[in-house]
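Everything on this sheet refers to the single structure shown next.
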Amino acid sequence: MSRYLLRGKSGQSEIIVEDFNAMLHNSVIPKDSIYITDNNLNELYSSFLQDKKVISIPYGEENKTISTVNTIYDQLIEFKADRKSFIVGFGGGMITDIAGFVASTYMRGTRFGFIPTSLLAMIDASIGGKNGVNHFNYKNMIGTITQPEFVVIDTVFLKTLPQEEFTNGLAESVKHLLISDQQRFSNFAEHINNVLKKDISFLNDFINQQVKIKIDIVNEDELETGNRKKLNFGHTFGHPIEKILGLKHGFAVSIGMIIASEISKKFGYLNESDVHLIRDTLIKAGLPVSCKMDKKKVIEIMSKDKKKNNDSIDFILLKQIGEAKIELIKIDQLAEMFLEIKLP
Ligand SMILES: NC(=O)c1ccc[n+]([C@@H]2O[C@H](COP(=O)([O-])OP(=O)(O)OC[C@H]3O[C@@H](n4cnc5c(N)ncnc54)[C@H](O)[C@@H]3O)[C@@H](O)[C@H]2O)c1
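Residue 1031 is where the sequence shown ends in this note's numbering, and the numbering goes up by one at each step.
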């Protein structure tokens, strides 16, 4: 078991990476917690949840809304939950986002922790305190930054995670390595088959590495005024592609990372063989690296990015594999470069 500490302005978060199957006995989880989960996990893990207070919501990103939040508030009231209650988000990133938001707003804030069950939630969504819901077409428009008291990660849950969801999580893993660690990226590219096979000993090390990368970034810049922005690598184009084509987040980010790598090449940072290696690694991970798209529509949505600053945007480039750079780029220039890129 490994323990890490995330020190946020909104509180400390203890991140525990458990040995295979140890989660079910973990002592940091208060016994009378109220669990928020989705209907899928409620059924799959009914024996784990059977003696617990459970609020189960429909699964799927389309349910990450304020109206679902209202149904959860109603059920908390039925459970007579008060400010001393403890809420546990048990599920993928959709659940940790919505449970974190509910817990940080119900009665002006109740205590909460997470048990992430998808790869994406384990290495990304559950760590860092960002939570919230979508507002119609606007992703994560409403939310807070509040740290969970704990995040208990147990790779045992990955056994039931569908392969497509696992691959989806790999995109954010590749992103972590590309922005922070050249050596580990090469190692990942070389041993990708062990990850794909879900080889447990390899997976535990891999998850520990990934968790540390995310914690280090958040510890340095919880409120995303500086280096945390680097986690947006691949997202400036990934988000519009996700929205237009309805692709899974990680799949769209994978294509977005190729676009951002090509733009990094145009800036004279990456060379052709770097871009080739990135593309090759994403393909080996089972992720898409191109798709048919209406580029004008992508630009239209990109230019309304909630992170833009007047006519410019903090775009994340790769100076080299393992090192990211935040560059304020005019949206027009970005659009021009994007139009020139040929995605095979
Ligand atoms: N807060 C953040 O910093 C942050 C970062 C990245 C992504 N996110 C958010 O995370 C969400 C995506 O998370 P996700 O990819 O985990 O999606 P998800 O939570 O929607 O889960 C995807 C599917 O996998 C199922 N599932 C989850 N764990 C399972 C398991 N162990 N076995 C079987 N099925 C399982 C779920 O029931 C669901 O059907 C998005 O809403 C995104 O905005 C948040």
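Glycine residues also receive a C-beta, built at the ideal position from the N, C-alpha and C atoms.
1. Who are the near neighbours of S990 in its chain, counting only those whose CB is closer than 6 Å to its CB and skipping five residues on each side?
2. Determine contact between the region 905-920 and the region 996-1009, defined as no fewer than three beta-carbon pairs at a distance below 8 Å.
3. In terms of alpha-carbon separation, which member of E836, E705, H822 and T792 lies closest to F799?
4. Give the range of the beta strand (DSSP E) segment to which G913 is assigned.
5. Please list, in chain order, all residues of the same chain as V741 whose beta carbon is under 6 Å from its beta carbon, the five residues on each side excluded.
6. Using 8 Å as the cut-off, can you tell me whether the region 864-873 makes contact with the region 1006-1013, which would need three or more C-beta pairs spanning the two stretches below that distance?
7. Out of S720, K751 and Y746, which one is the CA nearest neighbour of L736?
8. Under the three-state reduction of DSSP, which class applies to I703: helix, strand or coil?
9. Identify which residue in C978, K901, F872 and N827 has its Cα closest to the Cα of G695.
10. Please specify which runs of the beta strand (DSSP E), each continuous and at least 3 residues long, are wholly inside the region 939-1013, giving them in chain order.
11. Just to confirm the assignment, what range does the alpha helix (DSSP H) spanning P927 have?
12. Among all the DSSP beta bridges, which residues are the ones paired with H822?
13. If we count Cβ pairs, one from each stretch, closer than 8 Å, do we get three or more for the region 870-888 versus the region 976-991?
14. Closest by CA to V838, which one among E730, N895, L1021 and F954?
15. So K826 and H712 are supposed to be a Cβ contact under 8 Å. How far apart are they, rounded?
16. Would you check whether ligand 1 has a heavy atom nearer than 7 Å to the C-beta of H936?
With the structure as the only source:
1. Here residue 990 refers to the residue found at position 303 of the sequence shown. Result list for S990: I1018, in chain order.
2. yes
3. Locating residue 799 in the sequence shown gives position 112, counting from the first residue. When each option's Cα is compared against that of F799, the closest is E836.
4. In the sequence shown, residue 913 corresponds to position 226, counting from 1. Neither: G913 is in no beta strand (DSSP E) and is coded neither H nor E.
5. Here residue 741 corresponds to residue number 54 of the sequence shown, with the count starting at 1. Only Y722 meet the Cβ criterion.
6. yes
7. The residue labelled residue 736 in the question sits at position 49 within the sequence shown. Answer by Cα proximity: S720.
8. Residue mapping note: residue 703 aligns to position 16 of the sequence shown, counting from 1. Correct three-state label for I703: strand.
9. Counting from 1 along the sequence shown, the entry for residue 695 is found at position 8. Considering only alpha carbons, the answer is K901.
10. 999-1007
11. The residue given as residue 927 occupies position 240 in the sequence shown. Start and end: H922 to L932.
12. The sequence position of residue 822 within the sequence shown is 135, counting from 1. Answer is Y825, bridged to H822.
13. no
14. As a working note, residue 838 is residue 151 in the sequence shown. Checked all of E730, N895, L1021 and F954; the closest Cα to V838 is N895.
15. Indexing the sequence shown from 1 puts residue 826 at position 139. Indexing the sequence shown from 1 puts residue 712 at position 25. 36 Å between Cβ atoms; not a contact.
16. The residue labelled residue 936 in the question sits at position 249 within the sequence shown. Within the cutoff, so yes.
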